[in-house]
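Taking it in order: structure first as structure tokens, then the write-up.
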Amino acid sequence: MYVFSVPIFFIVFRETLETGIIVAILLSFLKQNIGGPDRDPVIYRKLRNQVWVGTGSSLLLCTIAGCGLIGAFYSLNINGWGIADQIWEGVFSLLASLIISIMGIALLRVSKLQEKWRIKLALALATHSRTSTDTATTRFKRFCEKYAMFILPFVTVLREGLEAVVFIGGVSLGLPASAIPLPAITGLLAGCLLSYLIYKGGNMAPIQVFLIISTCVLYLVGAGLFTRCVVYFEGYKWNHMTGGDSSESGTGPGSYNIHTSVWHVNCCGISINTGGGGWAIFNAILGWSNSASYGSVISYNMYWIAVIVGFLSLLYREQRGHWPLMKKSAAVNQDSDIDTPKDPGEPEEPIQLPTLEETDDKSATTKAVAA
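The UniProt record's numbering numbers the first residue of the sequence shown as 1 and each following residue consecutively.
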């Protein structure tokens, strides 16, 4: 009896590994910067719980959606995704790439701004009273700051989980039901084990080394997601032109558009029948593709150009006090993080920031009065 499908194992393993890398980096970051003995344990627990709740809730949604769609496909012979699966894969890849890119900047700068981050996280987690002057943009920004550690794993796991559901559904069409559970479980366990080793290695590494390595890994993943977004959209357009699913054509003629192709090799690709093996892992983490187009190559290079320009702009701002191509006076007025110049003889007043205990006491007092 056929009880183990290698393609399903590789599919589940690579999706779990890509998700586990993001979660492991977030947990290691929280452990090293906020979870120390001299730090606030309340903030650490809240942020750690955000990561796990975001991961668990998106995993639950993927399980429900996967069971419903695969059940409908087998019982009613209805393909719930259809040809539009590449649209949502492209949208989720773009969204995850943007979130990872922003998180990478924050991780790399945290060694210089640890205390500032601790204060910001404490204020973000504290209870804020709504005022009539709060705009929708302000409330949305406050929500994103407060639940940042929930949003990133939620979006990442949701995208990878739904992608795994689609691939497993396609691979398992010609397989008996007994060939699905064992490779899915072993692939999940293998991905979790490797992610745990990454997490432990991040905790043992020096903070600056960990930040640099984790940021590089995040940007490699972000670049791969960005170029895969373009590949998905181009694949959707090509499928409309050919009137079918190009992935079912294999890796030969008809599976790609020769008018926009930069290179194409019949090996080293992801096949729906084989799972892709190690090349599927390269595709999931680094965005590798055996069939490159002008759009995928240009988008990959443009992503790195944007990252380089962004970091050079941040370096310029730190050294000059304003953004490039902006006057210093205008930048100071527009940027609240840059202090306005003071007279040398004027004494500086200490800034009193509320602590987490004070905000909790204030919130408890308010609730007691309201009661």
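Heads up, the beta-carbon is just placed ideally off N, CA and C, and yes, glycines get one too.
Just verifying my parser: in three-state terms, what is the DSSP assignment at residue i?
i, result
"I338", "Below a pLDDT of 50, predicted positions are generally treated as unreliable, and I338, at 40, falls in that range; the measurement from the model is reported next regardless. Reduced to three states, the DSSP call for I338 is coil."
"S57", "helix"
"V262", "strand"
"M103", "helix"
"Y196", "helix"
"S214", "helix"
"Y147", "coil"
"P347", "Residue placement at P347 is poorly supported in this model, since its pLDDT is 45, which falls under 50; the coordinates still yield a value, given next. Coil."
"S5", "coil"
"W323", "coil"
"Y256", "coil"
"G287", "coil"
"I34", "coil"
"G243", "coil"
"I87", "helix"
"C62", "helix"
"T19", "helix"
"I180", "coil"
"T135", "coil"
"C268", "coil"
From residue i to residue j, what distance separates their C-alpha atoms?
i, j, result
"L30", "T19", "17 Å"
"L314", "F140", "25 Å"
"R159", "E89", "7 Å"
"I8", "G310", "39 Å"
"T16", "G187", "8 Å"
"R14", "T55", "16 Å"
"W288", "L325", "36 Å"
"V165", "F143", "30 Å"
"P153", "I305", "26 Å"
"Q86", "V262", "21 Å"
"L27", "I258", "44 Å"
"G161", "K327", "47 Å"
"Y147", "I21", "20 Å"
"L218", "V209", "14 Å"
"residue 416", "E234", "Residue 416 cannot be examined here, being either before or after the span of the chain that is shown, 1 to 371."
"W323", "Y236", "39 Å"
"P354", "F226", "No answer about P354 holds up, because its pLDDT of 45 lies below 50 and its placement is not dependable."
"Y167", "C192", "The question names Tyr, yet the displayed sequence has Phe at residue 167. Going from the Cα of F167 to the Cα of C192 covers about 19 Å."
What residues match up with residue i in a beta bridge as DSSP calls it?
i, result
"A292", "W263"
Is residue i close to chain D? Criterion is C-beta to C-beta, closer than 9 Å.
i, result
"N290", "In summary, chain D is missing from the structure at hand, where a single protein chain is found."
Taking 8 Å as the threshold, find out whether the stretch 187–197 comes into contact with the stretch 56–68 through three or more Cβ pairs.
The way I'd put it, the stretch 187–197 doesn't touch the stretch 56–68; fewer than three beta-carbon pairs between them come closer than 8 Å.
Per the contact definition of three or more C-beta pairs closer than 8 Å, is the stretch 41–50 in contact with the stretch 212–221?
With a cut-off of 8 Å, the stretch 41–50 and the stretch 212–221 do not count as touching, because too few Cβ pairs lie within range.
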